[in-house]
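>
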Amino acid sequence: MVQNLLDESTIKRNGAVYTPCDLATFIARNILKHTTLDKDTINIFDPSLGDGALIEAVILEIRDKFNKNIDINVYGIDINECEVFKARNRINQYLPNEKIHFEKKDFFDFITSSTIKFDIIISNPPYVRTQNLDSNILNKIKKMTCLKGKIDLYHAFLLLLRNTVKEDGCIGIITSNSFLTNKTGQVLRKELLNRYDLKEIYDLGDTKLFNAAVLPVILIMKLKKLFSICNQTVPYTSIYETTKLANNKTNDIFQSLQNKQIIQYNNQNYEIEKGQLNTEYSDLWLLANEETQYFNKNVKKRTWNRFSDVSSIKVGIKTCADNVFIIANYDENKEKFELLKPLHTHHISRRYKNIDNKGIYGVIYPHEVIDRKTKGVDINKYPKTKDYLMQHYEQLYGRNYLIEAKRNWYEIWVPQNADLWNKPKIIFPDIAEKPVFSLDFSGKIVNGDCYWIVLNDNYSQNTDLLFLILAIANSTFIEKFYDINCQNKIYAGRRRYVTQYVNNFPIPNPNSDISKQIVDLVKTYYFSSDENFDSENYLDKLVWSAFGLEKICG
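Residue numbering for the sequence shown follows our numbering, beginning at 338 and increasing consecutively.
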């Protein structure tokens, strides 16, 4: 689909995100690098046609750089009849009607009925998450693929296109890069490696090439031949915002992707990394090169445990009625409600410690632990809280999923373990440019916009270990570790600090001299009244040294 203006509801329902023309040309050019054109006729297919710009880009590239006399047939489907009409008009300037086979048709119906095989498939498939998918489409996906759980419509497109491409054909896809590193994309990543011979990956990161909030990736791939080697070398390029100084300024971001460099584009600096796809140590699709391999080798050698080996990492509570349960200004309202507890949200998150808790939010928390299970309290014991919640009875009782789960109408949806709130815990927001991990001894409840770390029972008395984890989590070392081993950045260089990634953060030997020095520095600052951490830069260097590395600046 090419760039156009759609209303938000249409985008959400149909997943229509349109491809800029220069991006379409870049995809076409890279497809043709891996396509055999020494034939009389070539068939091109776009299963999410839009107004035909992707097909147009392939036609122009073939005629400009390759065989001008080759007989081209184009095929395309789209669920929007208006787009099909526009696409036909667009391509008519290059090909006669009999060479244009465009129709309004559902992708899954086409896959099951068509017997045509294509030399080139180029597409920007629709992005529609599970919760927005029609039940009929979901059933088709389950029947036709191995996908299950939380998926996206484009996942099915990527897997099913193998049924329509010739043995020597080539597929070029522009899609969301989220599947590269998230849990939802685990099955898709595995199946793509099993079914396709990947030729190139371009992670275009936060270059803002789309109007929509999509971080795109380009995949160039062919069918995997029988008995081919699974772990082939796949060139991998990524580009993300950086604060580093640019080597040069450019208006052509795609030309710049040929080299590892730092560029200025649209008044923003971007770092272009070059390497290969690395799936040796992880099922994530990560970019690897000599620098990342050297880094990981040293870290692995000096890793005592991972965060997940010594702690439990959880997301905060989900009330599903924040307007009722979350109360502004805890201090002013704590006498009004018996069950009001202080709440940590991302708004008050600071590094290491929260300096000022004045004006924090509170949350009505109607839960307690009975027989080792978190359950709703007897609300009749708390008359002030009950009177308040009764004012919102209709809204709270209307949460059908809560009632169907045989829970009380006044409970919050995800209360987490009520026994753990009073334990020492590290709290951090799930989205941040820099790591923002703080230690809490006050028993605050954690909101759903943050995650929290509590030590496992075997280590629960070892608060020094918690301080060591705090130092590692806030270091520039962990930023580098994240960028190498998680590689899930969103716009403006922000990282997603979710359980999947934080679980794998490394811990050096806590009994080493460097680790003890790290702990002493953090504790001294934490228990002082100082707001500024004067020794933070020195602490940061110590964390790098604990893993046998020198601090990398920038």
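Glycine included, C-beta positions come from ideal geometry on N, C-alpha and C. As the structure is a computational prediction, the values presented were derived from the model and not from experiment.
1) Between which residues of its own chain and Gly699 is the CB-CB distance below 7 angstroms, once the five residues before and five after are set aside?
2) Whole-angstrom Cβ separation of Ile768 and Leu552, contact assumed at under 8 angstroms?
3) Quick one: grab the DSSP three-state call for Lys878.
4) Taking the beta strand (DSSP E) that Thr512 falls in, what are its first and last residues?
5) Just the C-alpha distance for Ala390 and Pro357, rounded to the nearest angstrom, thanks.
6) Compare the beta carbon distance of Glu750 and Thr836 with 8 angstroms and say whether it is the shorter of the two.
7) Compare the C-alpha of Phe818 against each of Lys760, Thr629, Lys436 and name the closest.
8) So, do the stretch 487 to 496 and the stretch 462 to 469 have three or more beta carbon pairs nearer to each other than 8 angstroms?
9) In the DSSP assignment, the alpha helix (DSSP H) including Gln630 goes from what residue to what residue?
10) When you compare the CB positions of Thr800 and Pro761, do they come within less than 8 angstroms of one another, or not?
11) Nearest by alpha-carbon distance to Pro772: which of Ile381, Phe547, Asp877 is it?
12) What residue range is occupied by the uninterrupted beta strand (DSSP E) comprising Asn531?
13) Please state if the CB of Phe884 and the CB of Asn635 are separated by a distance shorter than 8 angstroms.
14) As a quick exercise: from Tyr788, Gln598, Thr861, Gly387, pick the residue whose alpha carbon is nearest that of Glu289.
15) Pick from Gly506, Thr544, Leu484: whose alpha carbon is nearest that of Lys520?
16) Quick check: the stretch 699 to 716 against the stretch 800 to 810, are at least 3 beta-carbon pairs closer than 8 angstroms?
17) Nearest CA to the CA of Tyr796: which residue from Lys402, Ser645, Leu369?
18) Going by beta carbon distance, what residues of the same chain come within less than 6 angstroms of Thr347, once the five residues before and after it are set aside?
19) On the premise that Gly522 lies in contact with Phe516, defined as a C-beta separation below 8 angstroms, what is that separation, rounded to the nearest angstrom?
20) Just to confirm before moving on: does the CB-CB distance between Tyr788 and Phe814 stay below 8 angstroms?
21) Is the separation between the beta-carbon of Lys503 and that of Lys454 shorter than 8 angstroms?
22) I'd like to confirm the pairing. Which residues does DSSP put opposite Ile414 in its beta bridges?
23) Please confirm whether any heavy atom of the ligand NAP lies closer than 7 angstroms to the CB of Leu733.
24) Does Leu582 get closer than 8 angstroms to chain C when you measure Cβ to Cβ?
25) Check whether the Cβ atoms of Gly612 and Tyr573 sit closer than 8 angstroms, and answer yes or no.
26) Give, in chain order, every unbroken run of the beta strand (DSSP E) that is at least 3 residues long and sits entirely within the stretch 674 to 748.
27) Report all residues from its chain with a CB closer than 8 angstroms to the CB of Arg427; omit the five preceding and five following residues, and keep chain order.
28) Tell me whether Ala769 sits in a helix, a strand or coil according to DSSP, three-state version.
29) List the endpoints of the continuous alpha helix (DSSP H) containing Phe330.
30) Touching or not, the stretch 552 to 563 and the stretch 588 to 596, by the rule of three or more beta carbon pairs under 8 angstroms?
31) Taking 8 angstroms as the cut-off, decide whether the C-beta atoms of Ile697 and Ile790 are in contact.
32) Which residues does DSSP pair with Arg425 in a beta bridge?
33) Along the beta strand (DSSP E) that carries Tyr431, what are the first and last residues, could you check?
34) Would you identify the three-state DSSP class for Glu669, choosing helix, strand or coil?
35) Quick one, are the C-beta atoms of Gly785 and Val661 less than 8 angstroms apart?
36) For Phe814, which of helix, strand or coil comes out of DSSP?
By the coordinates alone:
1) By the criterion of a C-beta distance shorter than 7 angstroms, Gly699 is surrounded in its chain by Ile664, Tyr667, Asn670, Lys671, Leu677, Lys678, Pro679, Leu680, once the five residues flanking it on both sides are discounted.
2) Going by Cβ atoms, the distance from Ile768 to Leu552 rounds to 13 angstroms, so no, they are not a contact pair.
3) In the structure shown, Lys878 sits in a helix (DSSP, three-state: H, G or I).
4) Element bounds for Thr512: 502 to 513.
5) Rounded to whole angstroms, Ala390 to Pro357 spans 9 angstroms at the Cα level.
6) One point to set straight first is that residue 750 is Trp, not Glu, in the sequence displayed. For Trp750 and Thr836, no; Cβs fall outside 8 angstroms.
7) When only C-alpha atoms are compared, the closest one is Thr629.
8) Touching, per the Cβ criterion.
9) 627 to 638 is the extent of the alpha helix (DSSP H) around Gln630.
10) Their beta carbons are under 8 angstroms apart, which means Thr800 touches Pro761 by this criterion.
11) When each option's Cα is compared against that of Pro772, the closest is Asp877.
12) No beta strand (DSSP E) holds Asn531; the alpha helix (DSSP H) holding it covers 523 to 532.
13) It is a contact, given that the beta carbons lie within the stated cut-off.
14) The requested residue 289 is not part of the displayed model; the chain covers only 338 to 891.
15) Among Gly506, Thr544, Leu484, the Cα nearest to that of Lys520 belongs to Leu484.
16) Taking 8 angstroms as the limit for Cβ pairs, the verdict is that the stretch 699 to 716 does not touch the stretch 800 to 810.
17) Nearest of Lys402, Ser645, Leu369 to Tyr796, Cα basis: Ser645.
18) The pLDDT assigned to Thr347 is 44, lower than 50, so where the model puts this residue is not dependable, and the model offers no usable value.
19) Contact between Phe516 and Gly522 holds, with the beta-carbon distance rounding to 3 angstroms and staying under 8 angstroms.
20) Not in contact: Tyr788 and Phe814 (Cβ atoms no closer than 8 angstroms).
21) Their beta carbons are under 8 angstroms apart, which means Lys503 touches Lys454 by this criterion.
22) Paired residue(s): Glu440.
23) Looking at this structure, you won't find the ligand NAP or any other ligand, since it has none at all.
24) No chain C appears in the structure shown, which is made up of a single protein chain.
25) Taking 8 angstroms as the Cβ cut-off, Gly612 and Tyr573 qualify as a contacting pair.
26) The DSSP assignment places 677 to 681, 699 to 701, 704 to 707, 710 to 713 as complete runs of the beta strand (DSSP E) inside the stretch 674 to 748, in order along the chain (cut-off: 3 residues).
27) The answer, listed in chain order, is Asp388, Gly389, Ala390, Glu393.
28) Judged by DSSP in its simplified three-state form, Ala769 adopts strand.
29) Only positions 338 to 891 of the chain appear in the structure, and residue 330 is not among them; the question remains open.
30) No: the two stretches stay apart, fewer than three of their Cβ pairs being nearer than 8 angstroms.
31) It is not a contact, given that the beta carbons lie outside the stated cut-off.
32) As DSSP reads the structure, Arg425 sits in no beta bridge.
33) In this chain, Tyr431 is not harboured by any beta strand (DSSP E), its DSSP state being neither H nor E.
34) Secondary structure of Glu669 (DSSP, three-state): helix.
35) In this structure, Val661 does not lie closer than 8 angstroms to Gly785 by Cβ.
36) Three-state result, Phe814: helix.
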